[in-house]
Amino acid sequence: MISGEEERMDAAGIPYMIRPGKGPEGSVLDLLGQLIGSGGADALLLPFRVPSGDSFAWIMFSDVSLLKDAVPFPATMPVQGGRALRSLTRKEKGKLRIIALMRPCEIRAGMELSKLGQVNTENLILASYDCPGAVKLEDYVADPVSCDSAHSEMRSRGEPSGNARSACSTCVDFSMVDADIHFGYFGIKDGGMLVLPGSPAGRALLEGLNLEEGRGLLPQWEAEISRLAERRAATREETFRETAERISGFDGMLATFSNCIGCHNCQSACPICYCRLCYFDSEVSRTDPEALITAAEKRGGISIPPDRIMFHTGRLAHMSLSCVSCGQCSDACPVSIPVADVFSFVAERTQRAFDYKSGRSDGEALPLRRFLKNELDGVHEMVKDAESEASPNE
Amino acid sequence: MNKEFVPRITSFLCKWCSYTGADLAGTSRLQYSASIIPIQVMCSSRVDPVFLLKAYLSGSDGVLLGGCHPGDCHYETGNYHTRRRFAIVREVFESLGLESDRLRLSWISASEGPKFARIANEFTEEIRLLGENPTRKSIFL
Amino acid sequence: MSSISIDKSVAMGLKDLLGYLLDSDKVDSVLTMRRIPETGAWDLALITDSGNLGEAEPLAPVMTVNAGKELSSLSLSGKRIAAVLKPCELRALIERVKREQGSLQNLLTISHTCSGVFPLEQAADGSMNELLPKYEKVASMGEVPSSVRDTCKACQHFIPVHPDIMLASAGAQRPGEGCVLYLEGGKAEEALREFRGVRDDRVFDPSSLDRTAAARKKERDRLFARVENDCSGLDGLLNVFGKCVGCHGCSRVCPICYCALCDFESMNFDYNLPYFEEHLSRRGALRLPPDTVMFHLGRLTHMSFSCVGCGMCSDVCPVGIPVAAVFSRTGERTASLFDYVPGRSLTEEIPVMVFKEEEFSELG
Numbered sequence: 000m001i002s003g004e005e006e007r008m009d010a011a012g013i014p015y016m017i018r019p020g021k022g023p024e025g026s027v028l029d030l031l032g033q034l035i036g037s038g039g040a041d042a043l044l045l046p047f048r049v050p051s052g053d054s055f056a057w058i059m060f061s062d063v064s065l066l067k068d069a070v071p072f073p074a075t076m077p078v079q080g081g082r083a084l085r086s087l088t089r090k091e092k093g094k095l096r097i098i099a100l101m102r103p104c105e106i107r108a109g110m111e112l113s114k115l116g117q118v119n120t121e122n123l124i125l126a127s128y129d130c131p132g133a134v135k136l137e138d139y140v141a142d143p144v145s146c147d148s149a150h151s152e153m154r155s156r157g158e159p160s161g162n163a164r165s166a167c168s169t170c171v172d173f174s175m176v177d178a179d180i181h182f183g184y185f186g187i188k189d190g191g192m193l194v195l196p197g198s199p200a201g202r203a204l205l206e207g208l209n210l211e212e213g214r215g216l217l218p219q220w221e222a223e224i225s226r227l228a229e230r231r232a233a234t235r236e237e238t239f240r241e242t243a244e245r246i247s248g249f250d251g252m253l254a255t256f257s258n259c260i261g262c263h264n265c266q267s268a269c270p271i272c273y274c275r276l277c278y279f280d281s282e283v284s285r286t287d288p289e290a291l292i293t294a295a296e297k298r299g300g301i302s303i304p305p306d307r308i309m310f311h312t313g314r315l316a317h318m319s320l321s322c323v324s325c326g327q328c329s330d331a332c333p334v335s336i337p338v339a340d341v342f343s344f345v346a347e348r349t350q351r352a353f354d355y356k357s358g359r360s361d362g363e364a365l366p367l368r369r370f371l372k373n374e375l376d377g378v379h380e381m382v383k384d385a386e387s388e389a390s391p392n393e
Numbered sequence: 000m001n002k003e004f005v006p007r008i009t010s011f012l013c014k015w016c017s018y019t020g021a022d023l024a025g026t027s028r029l030q031y032s033a034s035i036i037p038i039q040v041m042c043s044s045r046v047d048p049v050f051l052l053k054a055y056l057s058g059s060d061g062v063l064l065g066g067c068h069p070g071d072c073h074y075e076t077g078n079y080h081t082r083r084r085f086a087i088v089r090e091v092f093e094s095l096g097l098e099s100d101r102l103r104l105s106w107i108s109a110s111e112g113p114k115f116a117r118i119a120n121e122f123t124e125e126i127r128l129l130g131e132n133p134t135r136k137s138i139f140l
Numbered sequence: 000m001s002s003i004s005i006d007k008s009v010a011m012g013l014k015d016l017l018g019y020l021l022d023s024d025k026v027d028s029v030l031t032m033r034r035i036p037e038t039g040a041w042d043l044a045l046i047t048d049s050g051n052l053g054e055a056e057p058l059a060p061v062m063t064v065n066a067g068k069e070l071s072s073l074s075l076s077g078k079r080i081a082a083v084l085k086p087c088e089l090r091a092l093i094e095r096v097k098r099e100q101g102s103l104q105n106l107l108t109i110s111h112t113c114s115g116v117f118p119l120e121q122a123a124d125g126s127m128n129e130l131l132p133k134y135e136k137v138a139s140m141g142e143v144p145s146s147v148r149d150t151c152k153a154c155q156h157f158i159p160v161h162p163d164i165m166l167a168s169a170g171a172q173r174p175g176e177g178c179v180l181y182l183e184g185g186k187a188e189e190a191l192r193e194f195r196g197v198r199d200d201r202v203f204d205p206s207s208l209d210r211t212a213a214a215r216k217k218e219r220d221r222l223f224a225r226v227e228n229d230c231s232g233l234d235g236l237l238n239v240f241g242k243c244v245g246c247h248g249c250s251r252v253c254p255i256c257y258c259a260l261c262d263f264e265s266m267n268f269d270y271n272l273p274y275f276e277e278h279l280s281r282r283g284a285l286r287l288p289p290d291t292v293m294f295h296l297g298r299l300t301h302m303s304f305s306c307v308g309c310g311m312c313s314d315v316c317p318v319g320i321p322v323a324a325v326f327s328r329t330g331e332r333t334a335s336l337f338d339y340v341p342g343r344s345l346t347e348e349i350p351v352m353v354f355k356e357e358e359f360s361e362l363g
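Residue numbers (numbering that gives the first Met the number 0), protein chains in the order written: chain A, 0 to 393; chain B, 0 to 140; chain C, 0 to 363.
Right under this line is the structure:
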């Protein structure tokens, strides 16, 4: 991760720094204000606290006086930024140039959506920041004040704490991703901050701002990021092990999803699931009522609505290659199924099978958009193994 | 209130009656409010309640829906359905304490140029008194 | 009208009835709540083998999905199904049949007076289990258990409207009365011809529930007053719906929202960048994804007059918006414009499908 960043840094230009004083939040807002003031962009896309005070919404604005109300590092993630970018640029291009400040997983979702033809990055300048993780949406809505303080504690330590979402505790891509600009502040003393260009566009924007050169801060930041990444990787391994155990076999899947009511909130909150009408909500996928009763007769009974395991495994097949492990599915689940744990775990495996990593902008085509004549030799064996384990029907 | 406030009134007018009535007002050189922004629809029943909501939430200060008089619909019964749907939208507004007076339904026939002008002016005045639609400023909609 | 009394508890009597219906081939399957033995999870199930009725919990105070919604699709199979429905589920079924999403023809509807259900979350995490004994005790006295959903506490339609077979929950019975099935119509008479029990012509007496009716009326007034206070005017609306994350779960679980593709998810609500540019230049700011309030207002105009107040929308909301309270309150008002009561009768036509020549003369 780090070495890749260095390469990109060389291509994108030197790092800048902002001296301690206003703290990361204030510094980021200041800098974004300067960017829009200098004509580098027409609008900003940032989270704002909603009127009820217990959540956040994405607001795109050109009126700089609103900047003071923005919350650059919100404690929770009500709407995945990728979804905001999708609604903005899905349809056609325009003249607007928009700077969006988002969590790394939101940027990565944006990258996947761009490969899927749902986001057009041409109009976008994407800025990311060191993310300590988010607290559960449900917890935040219930008690925003204590969640805010828990989150600021998380920010100062650079890592998720007890009430962070599982997807965040297991995230190893919490820092610089393929954004145009990255704000790095983990491990930098006294609220100083690195401003790292990540692309020629990012560099061009930053060059006009008279920022101080920040190479000196790089080592402490890089060391801290590696340290934190290691810790999160350990949690990830542990969680994956538990998940593997929990979902193993058909009974495992059934037990994990036994409370699922088929509301499909996980899918509609997912930034990657962009289909207007999900296959699993369509008439085509609906089991014919007569066939359903025949199926019930075979087993003596059947759960209603049916096909719940079909839905989750189907979604895994459809989108896990692009899953960015943002955890939105778990937050949206009304019965608290650890959907994201399952999806992250499976996604790592499906992505590894194609040597693919979701969320990168390096022109790597989606695995299902390409093929090699000689690849995946192991698949035949996998099929054989699966057949010999033949599991009972749902 | 700001004296310079010029209301914007999105007006859905049916092709056969109200829009033709508006045309007649024009060709008869009747003076009527420039706040009216006409949109021709084939029938007032073409207007999904959602169109009215969209206009309202996008910052229109008033929303006018014009159709043929009951019994005179070019498609026989379209405007009766319009009336029911409009009643629902008004009730939704009232139940939520939203300004239902910003929504108006009027029957204006093709020959009622003067009525169109009168309603346009009256409604504009009413909206002027209500002031700017607060949805114009709201960023959380 | 006739009745059959069985010397058993209501729950046991109902299970007997379901077993009888399957074993004597009066129906092909039975739709009922059950508890999955392996996991303890609550579940709606279509059971075809009476041997599996052991896990059935037909009166469970849980709603994982609105069974009326699911049953309407199942009814198109042409197979005979007996379904145990809560009153709001039965009303949802009727509303869906009016929308041609199902048919009553092969159904035998069984419903019961309802004391409300637990919040879905508590049903899922098992925390309702320890509250269940208290629920049953309070419900048996004909009172509203404090542990049920707000929507249930405020429900005015807890006595089912014209099911084929009706049962009175414990609170609506005299002590020691056992299980009484109230049969309505030839379908039920025919199906229960050989069912064992004491035949009579008793009619359910709703006055036994007067006290709970009064309590619920009070709860309803309190809930609606709260909505009126919190959700009034544009600011109030934003205060309540401003935190909506746009997952549209509320519409997906709604038994009335049957559209395969909701208007608000269609291309009608996709915009191009110039549209956003224009809004930006006029307002200086806008929310993404757009149309948050639009979605809820739009849904209110599209379906509120048919809202049966089942409360599923509130249950699935990831940010705890009291969707059901707002929808049932506004729905009561939009329906009353047409003297319409959703789910009351199959012959009452959906208000937007019909009209009267002389009405709403104050409009236009």
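All residues carry an ideal CB built from backbone N, CA and C; glycine is no exception.
Check	Outcome
Cβ shell of C:R210 (< 8 Å), same chain only, five flanking positions each side left out	G141, E142
Beta-carbon spacing of A:P366, A:A108 below 7 Å	no
Status (buried if at least 16 other CB within 10 Å, exposed otherwise) for C:V322	buried
Contact under 7 Å by Cβ, A:A42 with A:I106	no
Neighbour-count burial assignment, B:S110, 16 or more Cβ in a 10 Å radius	exposed
Within chain B, partners of A:I58 - CB distance below 7 Å	I138
Validate contact between the region 56 to 65 of chain C and the region 93 to 106 of chain C using beta carbons, cut 8 Å, 3 pairs	no
For A:L315, the nearest candidate out of A:D340, A:R102, A:A294 (CA to CA)	A:D340
Beta-carbon neighbours of A:P50, restricted to chain B and to distances below 8 Å	F139
Beta-carbon spacing of B:S108, B:H68 below 7 Å	yes
Within-7 Å CB hit, B:L102 to chain C	no
Sheet register partners of C:W41 (DSSP bridge)	C:R34
Pairwise C-alpha distance: C:W41 and A:N258	7 Å
Where B:Q30 falls, given that 16 or more other Cβ within 10 Å makes a residue buried	exposed
Residues bridged to A:W220 [DSSP beta-bridge criterion]	A:W220 is not bridged to any residue.
Any chain A beta carbon closer than 7 Å to C:G319	yes
Completely contained alpha helix (DSSP H) runs for the region 48 to 129 of chain B, where each covers 4 or more residues	48 to 56, 77 to 94, 112 to 129
Sequence-distant residues of the same chain with beta carbon closer than 6 Å to A:I17, five excluded per side	S26, M192
Alpha helix (DSSP H) runs contained entirely in the region 231 to 272 of chain A, provided each spans 4 or more residues	248 to 255, 264 to 268
Beta-carbon proximity list for A:P391, same chain, < 8 Å, skipping 5 on both sides	For A:P391, the predicted model reports a pLDDT of 49, less than 50, meaning its position is unreliable; a value from the coordinates is still stated below. Cβ neighbours of A:P391 beyond the five flanking positions: F249.
Nearest-angstrom Cα separation, counted from B:A54 out to B:F115	20 Å
C-beta neighbour in chain C for B:Y18, strict 7 Å	no
Any chain C beta carbon closer than 7 Å to B:I118	no
Selected residue, minimal CA-CA separation from B:Y18, among B:A119, B:R101, B:L56	B:A119
Validate contact between the region 80 to 90 of chain B and the region 343 to 352 of chain C using beta carbons, cut 8 Å, 3 pairs	yes
For C:A82 and C:T108, believed in contact at Cβ under 8 Å, the rounded distance	6 Å
CB-CB length for C:S4 against C:D199, believed under 8 Å	6 Å
A:A331 and C:P317 closer than 7 Å at C-beta	yes
Cβ separation of B:L56 and B:I8, assumed to be a contact under 8 Å, to the nearest whole Å	Actually they do not touch by this definition, with Cβ atoms about 15 Å apart.
Exposure of C:D22, with buried meaning 16 or more beta-carbon neighbours within 10 Å	exposed
Cutoff 8 Å; reference C:L345; Cβ partners in own chain excluding five residues on either side	I93, V96, K97, L103
C:V322 - containing alpha helix (DSSP H), residue span	322 to 335
Buried versus exposed, by CB contacts within 10 Å (16 or more), C:N128	exposed
Under 7 Å by beta carbon: chain C residues contacting B:A86	L336, F359, L362
Where A:K94 falls, given that 16 or more other Cβ within 10 Å makes a residue buried	exposed
Range of the contiguous alpha helix (DSSP H) that encloses C:D209	209 to 229
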